[in-house]
Amino acid sequence: AIPDVTDANNNGIADTTDYQNALDAVKKAQAAETAAEQLVSNAKSDNNVSQTEADSIIAKNAEIEKLKADAQKLIEQVPESDRGTLQNDLNAVNPVEVPPVTKDLYRLTSSLDTNGGPDNPKEAYYDQKYTTSSAIKTTENADHIYVHKGTSEEYGGFIDGGTGTTNFNTTATTVNTAGGDDLIDAVGMGGNVKFFAGDGNDTLKLQGISGYGPTWNYYGGMDGAQVIDMGTGNDTIAIDKFTNMTRWSSADQQNSFYYSTTKILMGDGKDTLTIAGNIKADSDSGVSLSNYFNLGSGDDTMTIKGNITDTESANGGTQYASNLIDLGSGHDTLTIGGSIMGNTLVLSEDSSTIKVNGAIVKETGNTSFKLGSGNDTLTIEGIYDSAEDAASSDSLAIILNAYQVQGTKTYLSDWYSESESSLQSLLDANSRVVNGNTIPNEVKPFVDLGDGNNQANFNGGLWWTNVTSGSGSDTITVGSTAGSFGGSKISTGAGDDTVSIRTWYGKQAEVDMGNGDDTINLYNLEKFGAPSTNIIQGGEGYDVLNLKGGVVPLTMYTSITPTDSINLQEVEEINLNGTGSSLKIGENGLTALNSSTDPEQYGGAFYIHGTSKDSVTFDTTKWAKSQDNVQSEDHPGHTYDVYQYNGSPLYVYVEDGITIK
1 AIPDVTDANN NGIADTTDYQ NALDAVKKAQ AAETAAEQLV SNAKSDNNVS
51 QTEADSIIAK NAEIEKLKAD AQKLIEQVPE SDRGTLQNDL NAVNPVEVPP
101 VTKDLYRLTS SLDTNGGPDN PKEAYYDQKY TTSSAIKTTE NADHIYVHKG
151 TSEEYGGFID GGTGTTNFNT TATTVNTAGG DDLIDAVGMG GNVKFFAGDG
201 NDTLKLQGIS GYGPTWNYYG GMDGAQVIDM GTGNDTIAID KFTNMTRWSS
251 ADQQNSFYYS TTKILMGDGK DTLTIAGNIK ADSDSGVSLS NYFNLGSGDD
301 TMTIKGNITD TESANGGTQY ASNLIDLGSG HDTLTIGGSI MGNTLVLSED
351 SSTIKVNGAI VKETGNTSFK LGSGNDTLTI EGIYDSAEDA ASSDSLAIIL
401 NAYQVQGTKT YLSDWYSESE SSLQSLLDAN SRVVNGNTIP NEVKPFVDLG
451 DGNNQANFNG GLWWTNVTSG SGSDTITVGS TAGSFGGSKI STGAGDDTVS
501 IRTWYGKQAE VDMGNGDDTI NLYNLEKFGA PSTNIIQGGE GYDVLNLKGG
551 VVPLTMYTSI TPTDSINLQE VEEINLNGTG SSLKIGENGL TALNSSTDPE
601 QYGGAFYIHG TSKDSVTFDT TKWAKSQDNV QSEDHPGHTY DVYQYNGSPL
651 YVYVEDGITI K
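Position one of the sequence shown corresponds to residue 1 (the UniProt record's numbering), numbered consecutively onward.
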């Protein structure tokens, strides 16, 4: 509202005029801020901020400061009670952040740091030389390094070692951006590169990472390893796909890591690593290392939108090709959009959320998970199938062998050092000594969920892979609406656990529920047609088996390798639920009870629930009915016939209506 007082401050100017002058001045300052923001946007639009553009922004900031000062003087001429939002509006106007002037290069094949850089930043081939007189250097402030394809040279825009030599320790192209919130934007990264981002919230953007290139060829600079250390801060790495490499096949263009031997350390902080395409790990002949990702401490996120593969061949130079992903400490999130098809080990120290939208299948190798003591959630949408020969799988042995052998090398001997504790623990638990040498054992692929209240969902099924969890209340599901379970063992450890299996395929499968009051839900049994070990072990506590639909033949106190049925051990309650299932009860394993002078120690009661569609068969006359029409206060609403074994304190309560055979 227009003030009523004509000239409250006696400055000779009407208050209405004072107010309007101040309002106009604030609007001018706001307009200058908007103009500065547009200058910043324009400067960043091509990823290349020139000195001229930076100077224009600096000049506009100076104009903002002057306009703010002018407006402040005019606001002070307005009576305080009549200023309205003028002061707040002016306070909200500020100079904009001046983006760093882009260090513009056509390729980077020499080192770059605060002391020097390439002699010719516009050289697109591989013969740059490091010089302290370079116009391109890094600073302790925010740096923007833009390496782009300025010519038609195929590998223009790359950061690479130039020569492709594997003498990494002395000849690598070393890039150190020092302190500040740095941005490095390049077409790609080739071999023989060390990259250090230092402190600050840094960003590295690449089209891809390549480790393939014969040293004698024009793209020899792609050969060799890369070490990327993002340092401390909330850092970001975004790696696209090689779709810009038009000479490559369409399949190769889908890779983000192409025949790579890459080490990435995200460091301390809340970091993000995003990979748009596939990872294809490699290992060079005579070099016992391969891809290694370590997210460090903090709540980090790693996203791989493609597949994880490798080039491993037991008889070739790529015998160590693999992918080690260490999520580090904190609550970390790992999402894989495709499938895992090669030698892969995932580690975690604390809690994690892991999802694989594809499958985990053996192509060149198998996959294992060793997770931490927090509450983990693991979801595999496709099948987890390590193939039947996985009992002699080399999935873990390859990575442990690489870790062990590489530690003796002069070339990158510290490659796996950040995960040394976890790897050494696995090596100690899975190795043997032969003639004084420690040899990693060939270990069946596994998922170790660790302690905590964990959840694992193998929605497409679980084959030839062992799953374990420690103390805590765990929930493990095999098959959401489809998917089978076979050739594997699930061991849930201590705690009140729940295991649900869609289809149990009757071939070398076992569930051990451990200590606690546990529940197992089973929907169907797919018959194998031959004797095989199929066991559900309840363990200490009150354990319950629920049948959920299909016909499932069960046995108790019989052979542990029945044909087309599941043997139950220490399962106190069996709910057949009218599924048409059968339970055969024998006396195998009861020898100790028969000869014991203290049979009470073997006593117990088992409860069988169901309908006339279900059946119970006693395989020996030593099981005899001792009571009928019995009710139990622990199971209200049920009436039982009670069968006793050979006069001992071992009883089976069979619900009325179940068919006795």
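Cβ coordinates follow ideal geometry from the N, Cα and C atoms, glycine included.
Cβ shell of residue i (< 6 Å), same chain only, five flanking positions each side left out
| i | result |
| --- | --- |
| lysine 548 | Asn521 and Tyr523 |
| valine 478 | Phe458, Leu462, Phe485 and Ile501 |
| tyrosine 19 | Val78 |
| asparagine 21 | Leu74 |
| aspartate 326 | Asn294, Leu347 and Ser419 |
| alanine 32 | Glu63, Ile64 and Leu67 |
Rounded Cβ spacing between residue i and residue j (contact assumed at less than 8 Å)
| i | j | result |
| --- | --- | --- |
| aspartate 143 | threonine 173 | No, aspartate 143 and threonine 173 are not in contact; Cβ-Cβ is about 17 Å, not under 8 Å. |
| tyrosine 258 | serine 322 | About 16 Å separates the two Cβ atoms, so there is no contact after all. |
| valine 101 | serine 50 | 7 Å |
| glycine 529 | aspartate 497 | At roughly 31 Å, the Cβ-Cβ gap does not stay under 8 Å, so glycine 529 and aspartate 497 are not in contact. |
| serine 615 | lysine 661 | 5 Å |
| serine 632 | tyrosine 653 | 7 Å |
| leucine 206 | alanine 225 | At roughly 15 Å, the Cβ-Cβ gap does not stay under 8 Å, so leucine 206 and alanine 225 are not in contact. |
| glycine 604 | leucine 650 | 6 Å |
| alanine 43 | lysine 60 | In fact, because the Cβ distance is near 11 Å, the residues do not count as touching under 8 Å. |
| valine 193 | isoleucine 159 | 6 Å |
From the options, residue whose alpha carbon lies closest to that of residue i
| i | options | result |
| --- | --- | --- |
| aspartate 350 | Leu23, Asn375 and Leu396 | Asn375 |
| glycine 208 | Thr410, Lys355, Gly190 and Tyr219 | Gly190 |
| leucine 86 | Ala29, Pro100 and Glu37 | Ala29 |
| glycine 621 | Tyr653, Pro636 and Glu587 | Glycine is not the amino acid found at residue 621; the sequence shown has threonine there. Measuring from the Cα of threonine 621, the nearest candidate turns out to be Glu587. |
| alanine 506 | Gly470, Asn567 and Tyr292 | Correcting the residue identity first, residue 506 is glycine in this sequence and not alanine. It is Asn567. |
| aspartate 517 | Lys527, Asp543, Leu525 and Leu345 | Asp543 |
| methionine 513 | Gly472, His148 and Thr261 | Gly472 |
| threonine 475 | Trp464, Asn454, Gly495 and Ala494 | Asn454 |
| asparagine 551 | Ser532, Tyr557, Gly580 and Gly277 | With the sequence shown as reference, residue 551 is identified as valine, and asparagine is not the correct amino acid for it. For valine 551, the nearest C-alpha among the options comes from Gly580. |
| isoleucine 340 | Val193, Asp385 and Leu371 | Asp385 |
| arginine 83 | Thr17, Tyr403 and His635 | Thr17 |
| proline 445 | Tyr607, Asp24, Asn88 and Glu388 | Glu388 |
| phenylalanine 369 | Ser413, Thr261, Asp448 and Ala197 | Asp448 |
| glycine 647 | His148, Tyr607, Gly657 and Leu590 | Leu590 |
| isoleucine 658 | Asn48, Asp634 and Asn629 | Asn629 |
| glycine 188 | Asn217, Lys129 and Ser260 | Ser260 |
| asparagine 227 | Asn244, Met266 and Asp252 | Note that residue 227 is valine in the sequence shown here, rather than asparagine. It is Met266. |
| glycine 277 | Ile398, Glu510, Gly231 and Thr335 | Thr335 |
| isoleucine 231 | Asp252, Thr203, Gln254 and Gly337 | Inspection of the sequence shows that residue 231 is occupied by glycine rather than by isoleucine. Here the closest residue by C-alpha is Thr203. |
| threonine 468 | Gly358, Ile439, Glu510 and Gly162 | Glu510 |
| proline 99 | Asn401, Gln38, Val147 and Asn244 | Gln38 |
| leucine 576 | Tyr607, Thr558 and Pro562 | Tyr607 |
Those residues which DSSP pairs with residue i across a bridge
| i | result |
| --- | --- |
| glutamate 526 | Tyr505 |
| phenylalanine 195 | Val175 and Ile228 |
| glutamate 573 | Val544 and Tyr607 |
| asparagine 521 | Ser500 and Asn546 |
| asparagine 255 | Asn278 |
| asparagine 534 | Ala509 |
| methionine 302 | Leu273 and Leu334 |
| glutamine 455 | Thr377 and Thr475 |
| residue 673 | Outside the displayed span of the chain (1 to 661) sits residue 673, for which this structure offers no information. |
| histidine 144 | Thr102 and Leu183 |
| glutamate 655 | Tyr640 |
Same chain, Cβ closer than 8 Å to residue i, neighbours up to 5 away in sequence not counted
| i | result |
| --- | --- |
| glycine 483 | Ile383, Phe458, Asn459, Gly460, Gly461, Leu462, Arg502 and Thr503 |
| serine 392 | For serine 392, the predicted model reports a pLDDT of 44, less than 50, meaning its position is unreliable; a value from the coordinates is still stated below. Closer than 8 Å at the Cβ level, and outside the excluded window around serine 392, lie Glu442. |
| threonine 52 | none |
Close beta carbons around residue i, own chain, < 7 Å, minus the five adjacent residues each side
| i | result |
| --- | --- |
| glycine 200 | Gly179, Gly180, Asp181, Asp182 and Gly233 |
| tryptophan 415 | Lys263, Leu289, Tyr292 and Gln406 |
| asparagine 9 | Gln77 and Pro79 |
| isoleucine 136 | Lys103, Leu105, Leu112, Gly117, Pro118 and Pro121 |
| threonine 353 | Thr333 and Thr377 |
| phenylalanine 618 | Ile585 and Tyr643 |
| alanine 124 | Tyr106, Arg107, Gly150, Thr151, Glu153 and Gly156 |
| serine 532 | Gly506, Lys507, Gln508 and Thr561 |
heavy atom of the ligand GTP below 6 Å from residue i C-beta
| i | result |
| --- | --- |
| tyrosine 416 | Among the ligands in the structure shown, none appear at all, so the ligand GTP cannot be discussed. |
Evaluate contact between the segment 60 to 67 and the segment 87 to 96, counting only Cβ atoms and requiring at least three cross-stretch pairs below 8 Å.
The answer is yes - the segment 87 to 96 touches the segment 60 to 67, with three or more Cβ pairs under 8 Å.
Given 8 Å as the limit, is there contact between the segment 360 to 369 and the segment 311 to 324, that is, 3 or more CB pairs closer than that?
yes
When the Cβ atoms of the segment 264 to 272 are set against those of the segment 292 to 303, are three or more pairs found closer than 8 Å?
yes
Three Cβ pairs or more, each shorter than 8 Å: is that satisfied between the segment 426 to 434 and the segment 456 to 475?
no
Between the segment 231 to 238 and the segment 280 to 289, can you find at least three pairs of beta-carbon atoms closer than 8 Å?
no
So, does the segment 523 to 538 touch the segment 562 to 573, judging by three or more C-beta pairs under 8 Å?
yes
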